[in-house]
Amino acid sequence: MAKGNVLKSRSADNKAKKKKGTSSSKSLNPFSKLSTKLDKKKSKRITGGILLLLSFYCFIAFLSYLLTWKLDQDQVMNKNLFTYMFEDLTEPTANWLGRFGAWTSHLFIYKWFGLASFGFCFLFFLYSMRLLFNVSLLPLKRSSIITTVSMVWFSIFFGYFADKISYLGGSFGYFINTWLDQNFGAFGAFLFIALLLFIAVVVLFNPDFQKIMNMIGLDELFKGRKDKEEKIQAANNVAPKDIHAVNTITDEEIEKEPEPQEVDFSEEEEEELVTEEDLNLTVKRKEEEEPDSTFEIDDSFEIEEPQEELSPVSTAEDSSEENEDEFSVEVAEEEEELSDSELNDLSEKFGDYDPKLDLSNYQLPSIDLLNAYGTGKISVDKDELEANKNRIVETLSHYKIEIAKIKATIGPTVTLYELVPAPGVRISKIKNLEDDIALSLAALGIRIIAPIPGKGTIGIEVPNSKPEMVSMRSLIASEKFQNSDAELPVVMGKTITNETYTFDLAKMPHLLVAGATGQGKSVGLNAILVSILYKKHPAQVKFVLVDPKKVELTLYNKIERHFLAKLPGEEEPIITDTSKVVNTLNSLCIEMDDRYELLKDAQVRNIKEYNAKFIKRKLNPEKGHRYLPYIVVLIDEFADLIMTAGKEVEHPIARIAQLARAIGIHLIVATQRPSVNVITGMIKANFPARIAFRVLSKIDSRTILDGSGADQLIGKGDMLISTGSDTFRLQCGFVDTPEVEDICEFIGNQRAYPEALLLPEYEGEGSEGGNDADLDDLDANFVEAARIVVIHQQGSASLLQRKLKLGYNRAGRLVDQLEAHNIVGPFKGSKAREVNYPDEASLEEYLATKGLL
Numbered sequence: 002m003a004k005g006n007v008l009k010s011r012s013a014d015n016k017a018k019k020k021k022g023t024s025s026s027k028s029l030n031p032f033s034k035l036s037t038k039l040d041k042k043k044s045k046r047i048t049g050g051i052l053l054l055l056s057f058y059c060f061i062a063f064l065s066y067l068l069t070w071k072l073d074q075d076q077v078m079n080k081n082l083f084t085y086m087f088e089d090l091t092e093p094t095a096n097w098l099g100r101f102g103a104w105t106s107h108l109f110i111y112k113w114f115g116l117a118s119f120g121f122c123f124l125f126f127l128y129s130m131r132l133l134f135n136v137s138l139l140p141l142k143r144s145s146i147i148t149t150v151s152m153v154w155f156s157i158f159f160g161y162f163a164d165k166i167s168y169l170g171g172s173f174g175y176f177i178n179t180w181l182d183q184n185f186g187a188f189g190a191f192l193f194i195a196l197l198l199f200i201a202v203v204v205l206f207n208p209d210f211q212k213i214m215n216m217i218g219l220d221e222l223f224k225g226r227k228d229k230e231e232k233i234q235a236a237n238n239v240a241p242k243d244i245h246a247v248n249t250i251t252d253e254e255i256e257k258e259p260e261p262q263e264v265d266f267s268e269e270e271e272e273e274l275v276t277e278e279d280l281n282l283t284v285k286r287k288e289e290e291e292p293d294s295t296f297e298i299d300d301s302f303e304i305e306e307p308q309e310e311l312s313p314v315s316t317a318e319d320s321s322e323e324n325e326d327e328f329s330v331e332v333a334e335e336e337e338e339l340s341d342s343e344l345n346d347l348s349e350k351f352g353d354y355d356p357k358l359d360l361s362n363y364q365l366p367s368i369d370l371l372n373a374y375g376t377g378k379i380s381v382d383k384d385e386l387e388a389n390k391n392r393i394v395e396t397l398s399h400y401k402i403e404i405a406k407i408k409a410t411i412g413p414t415v416t417l418y419e420l421v422p423a424p425g426v427r428i429s430k431i432k433n434l435e436d437d438i439a440l441s442l443a444a445l446g447i448r449i450i451a452p453i454p455g456k457g458t459i460g461i462e463v464p465n466s467k468p469e470m471v472s473m474r475s476l477i478a479s480e481k482f483q484n485s486d487a488e489l490p491v492v493m494g495k496t497i498t499n500e501t502y503t504f505d506l507a508k509m510p511h512l513l514v515a516g517a518t519g520q521g522k523s524v525g526l527n528a529i530l531v532s533i534l535y536k537k538h539p540a541q542v543k544f545v546l547v548d549p550k551k552v553e554l555t556l557y558n559k560i561e562r563h564f565l566a567k568l569p570g571e572e573e574p575i576i577t578d579t580s581k582v583v584n585t586l587n588s589l590c591i592e593m594d595d596r597y598e599l600l601k602d603a604q605v606r607n608i609k610e611y612n613a614k615f616i617k618r619k620l621n622p623e624k625g626h627r628y629l630p631y632i633v634v635l636i637d638e639f640a641d642l643i644m645t646a647g648k649e650v651e652h653p654i655a656r657i658a659q660l661a662r663a664i665g666i667h668l669i670v671a672t673q674r675p676s677v678n679v680i681t682g683m684i685k686a687n688f689p690a691r692i693a694f695r696v697l698s699k700i701d702s703r704t705i706l707d708g709s710g711a712d713q714l715i716g717k718g719d720m721l722i723s724t725g726s727d728t729f730r731l732q733c734g735f736v737d738t739p740e741v742e743d744i745c746e747f748i749g750n751q752r753a754y755p756e757a758l759l760l761p762e763y764e765g766e767g768s769e770g771g772n773d774a775d776l777d778d779l780d781a782n783f784v785e786a787a788r789i790v791v792i793h794q795q796g797s798a799s800l801l802q803r804k805l806k807l808g809y810n811r812a813g814r815l816v817d818q819l820e821a822h823n824i825v826g827p828f829k830g831s832k833a834r835e836v837n838y839p840d841e842a843s844l845e846e847y848l849a850t851k852g853l854l
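For the sequence shown, the working numbering gives the first residue as 2, with consecutive numbering after it.
Here's what the structure looks like:
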C-alpha cells in the first residue's frame, strides 16, 4: 500500500512538472506574442509593403535582364535558387540586382511569359497600393483579368517572331507557337493568334465597331451622307438610361403574390337566414391553386377568387402619371445652355452622365441577411371560422338584423367577415353593435368597417387565434416589391387578404407614424429604412436621421459615408442634440431653396425631370448644376423635440412639409404621444399619409387618423395606414435588430464616398454674417474674391468655390468679409445677395481707399 501511494505521488509530481514545463514553454514562445500583436490590419500593411517592394524590384531586375541576359544565362540555366545563390560565388553576376535578380528575371522572362512578364510588376503595384494605402487606382478584379489575358496573348504573339528560344515570348510562347506551326502552319498560326486577340477584346471591352468605323470614316464608303445623319439623329433621341445597382436577389428568390384567401358563406333561402340551425357553411376551393400556396384548408371548404382590384395607392400613382403625360411644358431657349451641336458632341463623346459611377461596384444587400420568421403559411381552422360566423349571426339575430350573405377573408393575423345586409337594414344599427359582437366572440381588437369602401358590404375584423408572423424577408423577396419602379419604394407588411402592401414615399410625400410604446413603431421605422436600402444606390438617396433617445438608430452609423447626410463639422452622423436638430432642419430649408433655384434655372417642375435632364448632359455643372439625390428625413420621438424646442422645430418642419416634395426632400415623423399639442393642425395638414399602431384611447386614434380604429388594434405590428381617403389594416413586417446590423455591416464594408453628404451651413438668429468678419484679418484671396463678385454680379459662396477652388467654409468666410466691407448685401434666404458695386472700376477705387491694393 505504501509503495502504491509513493508511485501515485511521483506520477502526480511528474504530471505537475510537465504541465508547468508546458506553460513555461508557451510563455517563452516568442511567436505567440508576435501573433497577438499582428492583427488583420497590420498584416495587410505588411503584405502591401512587401508587394510594393517586389514590384519595383522585379521591374528593375527585368529591365536589367534585357541588357545582361547573355552574360548571366550560362550561370542560371538549369539551377535552382539555393544552388545558384550559395554555390560557386566566385563567378560575377551582370544583373543590376545581383544573383537573386538574375534568377528571378530568368524565371519570369525566360521560363514563363517573356516580355509580357512586366505585367506582374503592374499587378504587384496595384495590390500593394490597395493593401498599404487603401487606394484603388483601378478596379482590382477587372485589372487582374485584363492583365493576365494580356500577358498570355503577348507571350504567344512575341513567341511567333522568335526563331529560337529567347526572352521575347518565353518558354510558354515558344511551345504554343511550335504546336501551332506544326498543326496549322506559319500563316495559320498567325491567323489563330489574331483570332485570340479579337475574342479577348470583344469579351473584355465589347467595343462599338460602328462607332469606330464612324471615327475613321469607313461608314461613308458604304452608306450615303443621309443615312449617317439619320443614325446620328436617332442616337441623340435615345431616352436617358435608368440607374440600377447590382441586385443580389435572384429571380428564383422572388416570391409570387399568393391569391387572396376568401371563404364564402351562402344560403339557399334568404328568408330563413336568421336562425342558426338553417345556416349551412360552404367553402369553395380555388380551381387553380399555386404549388406554393400559403393556405391550408379543410377539403369541405371552397375558395372563391375575387376580382382583382387596384389599391388606392396604385390608382393615385396611375392618375398622377396620366396627368403628367397630359400636361405639356413649353421650354424657352436659354443663353446658358449649350447649343444642340455641342450637346450632341457631348452625348456622343461621353454618353449619359452616370451618378453611380463613383461607386460602380456597389452591391445591394443580399436577401440572406434577413431571417425567415414563422412558417410562411396561414393555418385556417374550419371550426374557428364556423364558430365565429355563428356567433356573429346569433348576435345580429338578437337585434332582429337579417343578413343575406357572409364571406370570410383570412389574413396573417386578422380574418375579415364581410356581411351583406338584407334590404332595409340600417348600417348604423350594425355599427352600434361593435361592443356586443366583441363580447360574443370574446376577442380583442374587433373592428367594424361600415361600409367597406368600394364594396356594398360591411366588414367585421376578428383577430385569429393563431396569428402568423410576417417576416421582412418574405416582403423584400415579393414580386411586387422587386418589380417596383417607384422612386422611393417602401414595403410595410401584408393586408388582410395576405397581399404585400407597397407604396412610393416620393408620392405620399410625407409620413406621420404614431403609436403607443411597445406596439411596433420602431420595427416599422426600420422596415421603411431597410426597404429603401434594398432598392436604392447611395447616389440616389440620403438619410437625415434624428434620434433624441440616442439608441434607436445608432446601427445606421456604419453606413454614414454611403447613405447619410449631416452638417459640416459634425462628428456624429445621427443627430441627438436638440439644438443640432434645429440647425439641421433650417439647413434643409436652405437646401430646399437652393434646389428650387436650380429647378428654376433648368426650367423643370420636379426633381425627376431635373435629374433626367442632368443625366442627358443638358445642364452645365459650371453653372452650379449637380445631380440631386432624394433626402429622407426621419425624426423619432417628435414629442420630445416639441417639448424642448417648440416653435423652433415646428416652423422649419412645416416649411419642408409644404414645399419640399417637388425637390425630393421627404419627412417621416414618429411619436409615441399622439396628443394635439404634439401633432398640431399645421403638422396634420401637411401629412396626408399616416400610420397608426395600437393606441390606448379613441381620442388618440382620432388625433392620428381623424377617426377611430387604432384603439382596437391588437398590437405586435398590427397597424392602420391612411393615404388620405382610404384606410388599410396591415400586419407590419418584422425585422430584428441583428438583421439591421448585418445589413448595415454589409453596406459599410463596401467602398464608400470620402465622407457623408454635407448639408449647407446654417447660423442661428443671434449671429450676423457681417459682424463675424474681422476687418483687420482679411483672407489672402479677399481682393480676388471681390473682383469675381463684381464681375459676375453674384455674391454667393458657390461662385467663389468654383472660381478660386476653395472649400465651402473658407468661401463662406470670404462672403462674410465682403459683406462686412459692404461689397455685397446681407443674406436674404433663397434670394441672391445684392452686389453694391456696378463695375470693377468703382471697386478698385474703394479698395485703393482702404489700402488693399
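Don't be surprised by glycine CBs; every beta carbon is placed ideally from N, CA and C.
Predicted model only: the values in this text are computed from it and were never measured.
Ile792, buried or exposed, once every other Cβ within 10 Å from all chains shown has been counted against 16: Ile792 comes out exposed.
Spatial distance of Gly808 from Leu815 (CA atoms): Just so you know, the alpha carbons of Gly808 and Leu815 end up roughly 11 angstroms apart.
Same chain, Cβ closer than 6 angstroms to Lys851, neighbours up to 5 away in sequence not counted: Residues of the same chain with a CB within less than 6 angstroms of the CB of Lys851, apart from the 5 flanking positions on each side, do not exist.
Contact the segment 446 to 460 vs the segment 614 to 633: 3+ CB pairs below 8 angstroms: No: the two stretches stay apart, fewer than three of their Cβ pairs being nearer than 8 angstroms.
Cα-Cα separation between Ser472 and Asn372, rounded to whole angstroms: Each residue's CA atom was taken as its position, placing Ser472 and Asn372 some 7 angstroms apart.
Element boundaries [beta strand (DSSP E), containing Arg674]: Arg674: not part of any beta strand (DSSP E); DSSP gives it neither H nor E.
Where Gly460 falls: helix, strand or coil (DSSP): In the structure shown, the three-state DSSP call for Gly460 is strand.
Three or more C-beta pairs below 8 angstroms linking the segment 460 to 474 and the segment 411 to 426: By the C-beta criterion, the segment 460 to 474 is judged to be in contact with the segment 411 to 426, since at least 3 inter-stretch pairs fall below 8 angstroms.
Where the beta strand (DSSP E) through Glu419 begins and ends: Membership of Glu419 in the beta strand (DSSP E) is indicated by the continuous run 415 to 422.
Through-space distance from Tyr763 to Glu820, alpha-carbon basis: Distance between the alpha carbons of Glu820 and Tyr763: 17 angstroms.
Whole-Å CB distance - Val545 paired with Val634, under 8 angstroms assumed: Right, their Cβ atoms sit about 4 angstroms apart.
Reference Thr503, options Gly521, Ala517, Leu476, closest by Cα: Taking only the C-alpha atoms, the option nearest Thr503 is Leu476.
N- and C-terminal bounds of the alpha helix (DSSP H) containing Val741: 738 to 749 is the extent of the alpha helix (DSSP H) around Val741.
Cβ neighbour criterion (16 or more within 10 Å) applied to Asp719: By the 10 Å Cβ count, Asp719 comes out buried.
Contacting residues, own chain, Cβ-Cβ under 6 angstroms from Val741 (five flanking each side not counted): Excluding sequence positions up to five before and after Val741, its CB lies within less than 6 angstroms of the CB of Asn527, Leu556, all in the same chain and listed in chain order.
Delimiting residues of the beta strand (DSSP E) encompassing Val1: Here the chain covers residues 2 to 854 and nothing more, so residue 1 does not appear.
Identity of the residues DSSP links to Met720 by a beta bridge: Met720 is bridged to Phe694, Leu731.
Classification of Ile632 by the beta-carbon crowding that lies within 10 angstroms, buried from 16 upward: By the 10 Å Cβ count, Ile632 comes out buried.
Coarse secondary structure for Ile575, derived from DSSP in three states: DSSP places Ile575 in coil when its eight states are reduced to three.
Collapsed DSSP secondary structure at Leu635 in the structure displayed: Correct three-state label for Leu635: strand.
Residue interval of the beta strand (DSSP E) (run including Ala757): Looking at the DSSP string, Ala757 is not in any beta strand (DSSP E), and its letter there is neither H nor E.
C-beta atoms of Glu592 and Ala757 nearer than 7 angstroms: Going by C-beta atoms, Glu592 is not nearer than 7 angstroms to Ala757.
Cβ-Cβ distance between Arg834 and Val825 below 7 angstroms: A contact, by the Cβ cut-off of 7 angstroms.
According to DSSP, residues forming a beta bridge with Glu256: Glu256 is bridged by DSSP to Ser479.
Beta bridge counterpart(s) of Leu685 as assigned by DSSP: First, the amino acid is wrong: residue 685 is Lys here, not Leu. Residue pairing from DSSP leaves Lys685 without any beta-bridge partner.
Alpha-carbon spacing of Ala515 relative to Ala693, whole angstroms: Each residue's CA atom was taken as its position, placing Ala515 and Ala693 some 5 angstroms apart.
Short Cβ contact (7 angstroms threshold) for Ala405 with Glu254: Going by C-beta atoms, Ala405 is not nearer than 7 angstroms to Glu254.
Outcome for Thr496 when other beta-carbon atoms lying within 10 angstroms are tallied against a minimum of 16: So Thr496 ends up on the buried side.
Local conformation of Phe504 per DSSP, three classes: Phe504 carries a strand assignment under DSSP once its states are collapsed to helix, strand and coil.
Same chain, Cβ closer than 7 angstroms to Met130, five either side skipped, listed in chain order: If we look at Met130 and ignore the five residues flanking it on each side, its Cβ neighbours are Val136, Leu138.
Three-way DSSP call (helix, strand, coil) for Leu714 in this model: When DSSP states are grouped into helix, strand and coil, Leu714 belongs to the coil group.
Rounded distance between the beta-carbons of Val415 and Arg730, thought under 8 angstroms: 7 angstroms between Cβ atoms; contact.
The segment 96 to 114 in contact with the segment 170 to 180 per 3-pair CB rule at 8 angstroms: Under the three-pair Cβ rule at 8 angstroms, the segment 96 to 114 counts as touching the segment 170 to 180.
The segment 783 to 791 in contact with the segment 585 to 601 per 3-pair CB rule at 8 angstroms: A contact between stretches requires three or more CB pairs, one per stretch, nearer than 8 angstroms, and the segment 783 to 791 fails this requirement with the segment 585 to 601.
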